[in-house]
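The structure under discussion appears below in the form of structure tokens.
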Amino acid sequence: MAIRVYNTMSRSKEELETIEPGTVKMYVCGPTVYNYIHLGNARTFLNFDMIRRYLEYSGVDVTFVQNITDVDDKIINRANVEGVPADEIAEKYRLAFEEDMEALGVKPPDIAPRATEHIAEMVEVIAVLVEKGHAYVADGDVYFDVSSFAGYGRLSGRDLSEQQVTVQFSPEMERKRDPWDFALWKAAKPGEPSWESPWGPGRPGWHIECSTMSVQYLGGGFDIHGGGLDLVFPHHENEMAQAEAYSGDRFARYWIHSGMLNIDQEKMSKSLGNIKMLREVLEEFDPDTVRMLMLGTHYRSPLSFSEMSLTEARASIERIWNCLERIESAGDNGGGGSGAGGNELTSTLERLDASFREHMDDDFNSAAALGEIFEAVREVNTFLDGAEAPPAAALQRAKQFIMEHCGALGLELEASSRIVASSTSRAKISSAGSDRGRLLSFAAEAGIEAETGEMPDEELVQLLLEARQVARESKDFTRADMIRDGLNGLGIQVEDIKRLRPE
RNA sequence: GGCGGAGUGGCCAAGUGGUAAGGCAAAGGUCUGCAAAACCUUUAUCGCGGGUUCGAUUCCCGCCUCCGCCUCCA
Numbered sequence: 009m010a011i012r013v014y015n016t017m018s019r020s021k022e023e024l025e026t027i028e029p030g031t032v033k034m035y036v037c038g039p040t041v042y043n044y045i046h047l048g049n050a051r052t053f054l055n056f057d058m059i060r061r062y063l064e065y066s067g068v069d070v071t072f073v074q075n076i077t078d079v080d081d082k083i084i085n086r087a088n089v090e091g092v093p094a095d096e097i098a099e100k101y102r103l104a105f106e107e108d109m110e111a112l113g114v115k116p117p118d119i120a121p122r123a124t125e126h127i128a129e130m131v132e133v134i135a136v137l138v139e140k141g142h143a144y145v146a147d148g149d150v151y152f153d154v155s156s157f158a159g160y161g162r163l164s165g166r167d168l169s170e171q172q173v174t175v176q177f178s179p180e181m182e183r184k185r186d187p188w189d190f191a192l193w194k195a196a197k198p199g200e201p202s203w204e205s206p207w208g209p210g211r212p213g214w215h216i217e218c219s220t221m222s223v224q225y226l227g228g229g230f231d232i233h234g235g236g237l238d239l240v241f242p243h244h245e246n247e248m249a250q251a252e253a254y255s256g257d258r259f260a261r262y263w264i265h266s267g268m269l270n271i272d273q274e275k276m277s278k279s280l281g282n283i284k285m286l287r288e289v290l291e292e293f294d295p296d297t298v299r300m301l302m303l304g305t306h307y308r309s310p311l312s313f314s315e316m317s318l319t320e321a322r323a324s325i326e327r328i329w330n331c332l333e334r335i336e337s338a339g340d341n342g343g344g345g346s347g348a349g350g351n352e353l354t355s356t357l358e359r360l361d362a363s364f365r366e367h368m369d370d371d372f373n374s375a376a377a378l379g380e381i382f383e384a385v386r387e388v389n390t391f392l393d394g395a396e397a398p399p400a401a402a403l404q405r406a407k408q409f410i411m412e413h414c415g416a417l418g419l420e421l422e423a424s425s426r427i428v429a430s431s432t433s434r435a436k437i438s439s440a441g442s443d444r445g446r447l448l449s450f451a452a453e454a455g456i457e458a459e460t461g462e463m464p465d466e467e468l469v470q471l472l473l474e475a476r477q478v479a480r481e482s483k484d485f486t487r488a489d490m491i492r493d494g495l496n497g498l499g500i501q502v503e504d505i506k507r508l509r510p511e
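Letter by letter, the first sequence follows residues 9 to 511 of my numbering.
Shown next as structure tokens:
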């Protein structure tokens, strides 16, 4: 089945026809490493991770390149403020970015080129642009001459003459022939990081790195170029102008842009100061919850963020976790039966698999695709409710369905909690870690003290579950509830998995 | 001013020319010693006004509101 993607260039969905069938070469603009990334950045990276994973899930061989902008005005400014070298700032936040991506479960790019390691290549491209008359030199700076490129404005659909020019006076403006011209090379000011070039020491402009590195690693006319919607203009417009002026060939085939994340109806951005750092969020919420939040809205739509939206996302991912746990428990408690409905479940899952793919094939509609997963969760739960001894094959299929489809969207479904089970109940110890001291004193309070000092939390909880079970069997519900409430109070959820049989 | 996007149940959010997925929340019910989990049931004339059509939430026109971009931006 053909995958359709919305191409910003054509403003419509197009069938994805790559240069080489079965292969997708994609480039996504990475971060400028001058600070920790915020949730808005995270949305973009998560969206492209979802797209990449789904393509791979569909059997496509993806080459994924994402740059690191490690030389830039913002980095230099930050370095000046902190009084440390610029490369130190860049390195620090580059590593932080990698940590954040790993924590989020974003697959690392196949290639993560850094601007500072490709200066020579950029200089060469700039030199050709100057040679071809697409760029001019002014006091050690080099600017791209927008008027020399006929298609300028094509990607972002704008006519420069109709745009409001709100440029402030600056020395740089003085050097430009036209306010819309942009820097390919910036002459170094004292103390700034710089590299030698035919135009004197300096550093590359922002856009040139992407034009250069994408083509270097993926070849001209590569398949997909992505980034946040706010990069369409000027960044991508400029990238394309440079690259096509340089080579004379088409730059990228499909332009995919990820919608903005808003807080209180406004875009989260540095200039507005309404930033929520990803790190902050990850302290409180697990990666699947964050991803769930993003998957719930189509990647091109604006996503309005609030504290509550995370809590809701958390509740919905829990529904999936719970289902998986039920499947596990059903397997542990026999699972070898020949319960009816197994075949029916299997064919229902077949159907849901097909609609899942249809939705994802249609411009990566993760929100609709999630709906099919939840549909499956309900079917599985109903099946589990009705079957005394569900057949192992059906359980296996159910588990595989959920894991596979969640995996295609990048949901890791890693146990966010450690499960301790007795024969009639189980406890979920949140992975955030429980308070050891309080657990010990609570155990003592419940009359469990002998040799608990060295005992791992799991065993301690196990003893408590068993004590509660004894209490329940002797109808001492006061004590049973005291144990359950006490554990709940420690963030350890206790649930009964089957009824007590009087025997 | 130019370009683009959006307005769907209490909240979030898909979607379609033939009366609208899913999640969260709420209420009632089943199950449970009680909970939790799970299941069932209940809650939408799809911003407003016209038009096209046998029929529009979906297409067209106008209006209102909101958001993004117009050289910091994911």
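Just so it is clear, CB atoms sit at the ideal spot from N, CA and C, and this is done for glycine as well.
Since this is a predicted model, take the numbers as computed values, not measurements.
- Taking 7 Å as the cut-off, the Cβ atoms of V41 and Y101 count as close.
- Beyond the five residues adjoining it in sequence on each side, Y44 comes within less than 6 Å, by CB distance, of A104, M285 and R287 in the same chain, given in chain order.
- When DSSP states are grouped into helix, strand and coil, L311 belongs to the strand group.
- Separation of Y160 and V36 (C-alpha to C-alpha, rounded to the nearest whole angstrom) is 21 Å.
- At the C-beta level, G210 and A191 stay beyond 7 Å of one another.
- In its chain, beyond the 5 residues on either side, V154 and S155 have a beta carbon closer than 7 Å to the beta carbon of D186.
- At the C-beta level, A321 and L403 stay beyond 7 Å of one another.
- Here the C-alpha atom of E459 lies approximately 10 Å from the C-alpha atom of L468.
- In the structure shown, V138 falls within a helical segment according to DSSP collapsed to helix, strand and coil.
- Per DSSP, the continuous beta strand (DSSP E) segment holding D231 begins and ends at F230 to G236.
- Cα atoms of G235 and G418: separation of roughly 18 Å, rounded to the nearest angstrom.
- In the structure shown, L192 adopts extended strand secondary structure according to DSSP, grouped into three states.
- Residue pairing of V70 in beta bridges, as defined by DSSP: V32.
- Unbroken alpha helix (DSSP H) stretches of 4 residues or longer found wholly inside the segment 418-454: 444-453, given in chain order.
- L47 and V289 do touch by the CB rule: their CB atoms are close to 6 Å apart, below 8 Å.
- Taking all protein chains in view, the Cβ of D189 is crowded by 16 or more other Cβ atoms within 10 Å, so the residue is classified as buried.
- Three or more Cβ pairs closer than 8 Å define a contact, and the segment 18-26 falls short of that threshold against the segment 208-222.
- Under DSSP, no beta-bridge partner is assigned to L280.
- Separation of the CB atoms of H233 and A260 is rounded to 4 Å, and the pair is thereby assigned contact status at 8 Å.
- V385 and D361 have their C-alpha atoms some 12 Å from each other.
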